[in-house]
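Engineer: This structure is in structure tokens; I'll ask about it shortly.
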Amino acid sequence: MLIDNITVVQKRVLMYATMLICALIIGCTSTNKSLKQEVSLSKLDTSELKMTMLANIANIIISDRQLPDQVKNDIATMALSPLREGIDIKIEGTDTTTRPIVVNFQKAFEQSIITMLEESHIIEAIAIIHTRLPTTPLCNPEAKSLNESMHPSMATDPVRRKTIEDRTITLRKMAKQGAAMNFYVAYVKDGLNQRSPQEKATFQREVSDPQNTSLHDSPLTLTEMPDEIVGASYILTTKRGNHLFFGNMGVQAKDAEGVSIWRLWFGSLKDTAINHRYKEIFNYLKAGGLNIYI
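Take a look at the structure:
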């Protein structure tokens, strides 16, 4: 009789254990399905913003009467179209050809950020220029470019000089966007002292301007910046709280010679390639004493 009772108890324990395992499996499956749906909706949200911005960028490029048609065509075929289809592209060639493509796209993207904030497509923007020296446009007077800010080969090239001059205006607008924009200028230790006296004075005026409430002067404790880190990163927060990332990798105007290799990333932070780039940059900045939280 005792053996029979034990057998009954064992059967009940086995039955309850089986039911518990099934419930856990169903629960895990349901959780995984829910997470996948959440990721899909997040990517759909950021994809909608990305396409809106690409259309806005295209309009900015087309409307620029001072930009040569060849550069406009190159931007369309080598940046706009590939980024509509993908999230990570490479542009390689002479600096004379590639810089106008990448930096004009970057300028248009920065102008588009301001538009997205004004039209409430996004609720917050983080912009980080991470370069060896403080960002070139803020070391130059508005709408002008100093010879000492660029490689000698750029001095006689009006198309490349324009890439500096245009962004002297755009970055100053970004610096005045208020609480919705955080604009960090990150550079290596002693990087500011590598600028000329005029460049240094121009930059320090911008940093001390009380109107530039979005601007954060962020010198790093690190003395070196690897080539693959040099560039810029932007994180935009949608109304639903999702994050769209844009970043580029390239060289500053002072190093603009020979062949240049540029990389561009544009997509959801939940995309693997995008998240890898985001972590690469933010880990470097954190190591240099700059902690940025999103």
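Using the UniProt record's numbering, the letters of the sequence shown map in sequence onto residues 1 to 294.
Built from N, CA and C at the ideal position, the CB exists for glycine as well.
Among T94, D45, T213, D209, which has the Cα closest to the Cα of R160?
Structural biologist: One-based indexing of the sequence shown puts residue 160 at position 160. It is T94.
Engineer: Going by Cα to Cα distance, which pick from L133, R172, D45, P210 is closest to A253?
Structural biologist: Walking along the sequence shown from the start, residue 253 turns up at place 253. Closest option to A253, Cα to Cα, is L133.
Engineer: Just curious, the alpha helix (DSSP H) that P100 is in, first and last residue?
Structural biologist: Here residue 100 corresponds to residue number 100 of the sequence shown, with the count starting at 1. Taken as a continuous stretch (DSSP letters only), the alpha helix (DSSP H) holding P100 covers 95-118.
Engineer: Any beta-carbon of chain D closer than 9 Å to the one on Q194?
Structural biologist: The structure shown contains no chain D, having only a single protein chain.
Engineer: So L83 packs on L264, CB below 8 Å; how close in whole Å?
Structural biologist: Along the sequence shown, one-based indexing puts residue 83 at 83. Along the sequence shown, one-based indexing puts residue 264 at 264. So it is a contact: roughly 7 Å between Cβ atoms.
Engineer: Are the beta-carbon atoms belonging to G247 and S268 less than 9 Å from one another?
Structural biologist: Within the sequence shown, numbered from 1, the residue matching residue 247 stands at position 247. Within the sequence shown, numbered from 1, the residue matching residue 268 stands at position 268. No, they are not a contact pair.
Engineer: Does the segment 198-215 come into contact with the segment 139-155, if we say contact requires no fewer than three beta-carbon pairs (one atom in each stretch) closer than 8 Å?
Structural biologist: These segments touch.
Engineer: Return yes when the Cβ of T213 is within less than 9 Å of the Cβ of K173, no when it is not.
Structural biologist: Taking the first residue of the sequence shown as position 1, residue 173 is located at position 173. Taking the first residue of the sequence shown as position 1, residue 213 is located at position 213. Going by C-beta atoms, K173 is not nearer than 9 Å to T213.
Engineer: Is T163 near N104, with beta carbons less than 9 Å apart?
Structural biologist: Within the sequence shown, numbered from 1, the residue matching residue 163 stands at position 163. Within the sequence shown, numbered from 1, the residue matching residue 104 stands at position 104. For T163 and N104, yes; Cβs fall inside 9 Å.
Engineer: Verify whether the separation of the beta carbon atoms of I292 and N182 is less than 9 Å.
Structural biologist: Taking the first residue of the sequence shown as position 1, residue 292 is located at position 292. Taking the first residue of the sequence shown as position 1, residue 182 is located at position 182. A contact, by the Cβ cut-off of 9 Å.
Engineer: Per DSSP, what are the beta-bridge partners of T237 in this structure?
Structural biologist: As a first step, residue 237 is located in the sequence shown; it is residue number 237 there, counting from the start. E124, H243.
Engineer: What runs of the alpha helix (DSSP H), each 4 residues or longer, lie entirely inside the segment 55-87?
Structural biologist: The qualifying runs are 69-75, 81-85.
Engineer: By a C-beta neighbour count over all protein chains shown, 10 Å radius and 16 as the cutoff for buried, is I6 buried or exposed?
Structural biologist: Your numbering for residue 6 matches position 6 in the sequence shown. Interpretation of I6 is limited by its pLDDT of 42, a score under 50 that renders its predicted location unreliable; the figure taken from the coordinates is listed afterwards. With fewer than 16 Cβ atoms within 10 Å of its Cβ, I6 is classed as exposed.
Engineer: Taking the alpha-carbon of T124 as reference, which of A179, I101, H216, I60 has the nearest alpha-carbon?
Structural biologist: Residue numbering aside, residue 124 sits at position 124 when the sequence shown is read from its first letter. Going by the sequence as given, residue 124 is Glu instead of Thr. When only C-alpha atoms are compared, the closest one is A179.
Engineer: Mind the definition here: the segment 280-292 touches the segment 218-230 only if three or more C-beta pairs lie below 8 Å; say whether that holds.
Structural biologist: Because the criterion of three Cβ pairs below 8 Å is met, the segment 280-292 and the segment 218-230 touch.
Engineer: I'd like to check one pair, G258 with T131: are the Cβ atoms closer than 9 Å?
Structural biologist: On the sequence shown, position 131 is the one that residue 131 refers to. On the sequence shown, position 258 is the one that residue 258 refers to. Result no, Cβ atoms of T131 and G258 do not sit closer than 9 Å.
Engineer: Helix, strand or coil for Y278? Go by DSSP, reduced to three states.
Structural biologist: The residue labelled residue 278 in the question sits at position 278 within the sequence shown. Correct three-state label for Y278: helix.
Engineer: Measuring only the C-alpha atoms, how far is residue 301 from P210?
Structural biologist: This structure cannot settle anything about residue 301, because the visible part of the chain is limited to 1 through 294.
Engineer: Report the CB separation of K144 from T168 in whole angstroms; it is logged as a contact under 8 Å.
Structural biologist: As a first step, residue 144 is located in the sequence shown; it is residue number 144 there, counting from the start. As a first step, residue 168 is located in the sequence shown; it is residue number 168 there, counting from the start. Sure, about 7 Å apart at Cβ, within 8 Å.
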